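In the numbering used here, the protein residues as written are 698 to 1078.
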């Protein structure tokens, strides 16, 4: 199969997760992603956790790229970078809003060098917004999104998601933006500046909550209870399960299974959600506490009622790894160590290059890449 992005060259000036993960997705699918790093390398090169001399954090976001070291604060380094821009399709960055212009590689400069360049700038709040100067990490974006306000127990504190979901969701949006921009360029080969901000990206998860909040009906924290349908997590004899008998037919079957034939005949699904929810959850919780996970899940499977166990993270990852597909891949770290990491987002149009599952060492490809610039020779030749 032909790699989807064969022939696309990306200059990546990024750090941490949102930018590097975008570049990794593009590299997975055949783009030549050149990671332009400052002397000493990207700041996350030794971010925790580490395994031996390798950052597992870095390895999870940077496979498949070529690494070039250039000091963009130096006139010669900037000049070499702009030479690379001449033959690039995309410049990707997630440095702060003012950094590209301040260091001499802002959009207007790039456009003058390459009139069809696509510049994708990931920032926390938007490069033209009133909050453009604020610094952002994933947790800050989560906090400012309002989503923690509806996450957690009703009498508890606002709760963040336990992974870098805002960073990764932003990477998916940035990747989609690049693919769209490449398609637009086929019809109109003009330079494009694509502004991707983390805050509005993460808040796109709100869906119907946007309308309800603007109408003065924001949802309250409900714990694991779905606010608009029958769905909740319950303790069992040996763990936890999530049950979701959604809709009238499944609700009626569920009621009969748990010994509430009276509900099956008199309590509609809508009333169960909107009127009797506390009573329903209290009874179901008591029913689950006297049964095992396996027993409950077998009953739900027989009735075709959606249900699932609450797994510990280690078990969930082990099961993912055992699927036998590319859900988990082993990448080779700069020191040659195998590191397990999430696999590509899709198997469509993957690159077959040996480089795809390698994490580059700092500046490993500097000579190789610069040798491709007209008039620039590789070191030692």
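Virtual Cβ for every residue (Gly too), placed ideally from N, Cα, C.
Given the structure is predicted, the values throughout are model-derived calculations rather than measurements.
Among the bridge pairs identified by DSSP, residue 835 is matched with none.
In the pairwise beta carbon analysis, the stretch 922–931 is classified as touching the stretch 940–948: at least three pairs are separated by under 8 angstroms. Residue 764 is positioned such that its CB atom lies no closer than 8 angstroms to that of residue 817.
Nearest neighbour of residue 997 by Cα position, chosen from 905, 954 and 784, turns out to be 954.
Between the stretch 737–754 and the stretch 845–863, the count of C-beta pairs closer than 8 angstroms stays below three; the two stretches do not touch. Within the stretch 908–936, there are no complete alpha helix (DSSP H) runs of at least 4 residues.
The three-state secondary structure of residue 1066, taken from DSSP, is helix.
Taking a C-beta distance under 8 angstroms as the contact criterion, residue 815 and residue 791 do not qualify as a contact pair. For residue 959, no beta strand (DSSP E) run applies; the uninterrupted alpha helix (DSSP H) run containing it begins and ends at 958–963, by DSSP. Between residue 1020 and residue 760, the CB-CB gap reaches or exceeds 8 angstroms. Per DSSP, the beta bridge partners of residue 818 are 790 and 892.
Taken atom to atom, the span from the alpha-carbon of residue 889 to that of residue 878 is near 7 angstroms. If you check the CB distance, residue 702 and residue 733 do not come in under 8 angstroms.
Judged by DSSP in its simplified three-state form, residue 732 adopts strand.
Listed in chain order, the non-local C-beta contacts of residue 729 below 6 angstroms within the same chain comprise 706, local neighbours out to five positions each way being set aside. Residue 901 and residue 843 have their C-alpha atoms some 11 angstroms from each other.
Taking residue 865 as the centre and dropping the five residues before and after it, the same chain places the C-beta of 714, 715 and 718 closer than 8 angstroms to its C-beta, in chain order.
The DSSP-derived three-state label of residue 1003 is coil. When beta bridges are read from the DSSP output, residue 708 appears opposite 731 and 788. In this structure, the alpha-carbon of residue 757 lies about 44 angstroms from that of residue 980.
Beta-bridge partners of residue 939 (DSSP): 930 and 1005. Where residue 766 is concerned, the enclosing beta strand (DSSP E) starts and stops at 763–766.
Per DSSP, reduced to three states, the secondary structure at residue 874 is helical. Rounded to whole angstroms, the gap between the alpha carbons of residue 839 and residue 812 is 37 angstroms. The distance from the Cβ of residue 1041 to that of residue 725 is about 4 angstroms, consistent with a contact at the 8 angstroms cut-off. With respect to the 8 angstroms criterion, residue 1032 and residue 823 are not classified as neighbours on the basis of their beta carbons.
Three or more Cβ pairs closer than 8 angstroms define a contact, and the stretch 768–788 meets that threshold against the stretch 1053–1070. Excluding residues up to 5 positions away in sequence, 739, 740, 741, 791 and 792 lie with their Cβ nearer than 8 angstroms to the Cβ of residue 712 in the same chain. By the neighbour-count definition (other C-beta atoms within 10 Å, threshold 16), residue 886 is an exposed residue. Just measuring C-alpha positions, the residue of 794, 1066 and 1061 sitting nearest residue 891 is 794.
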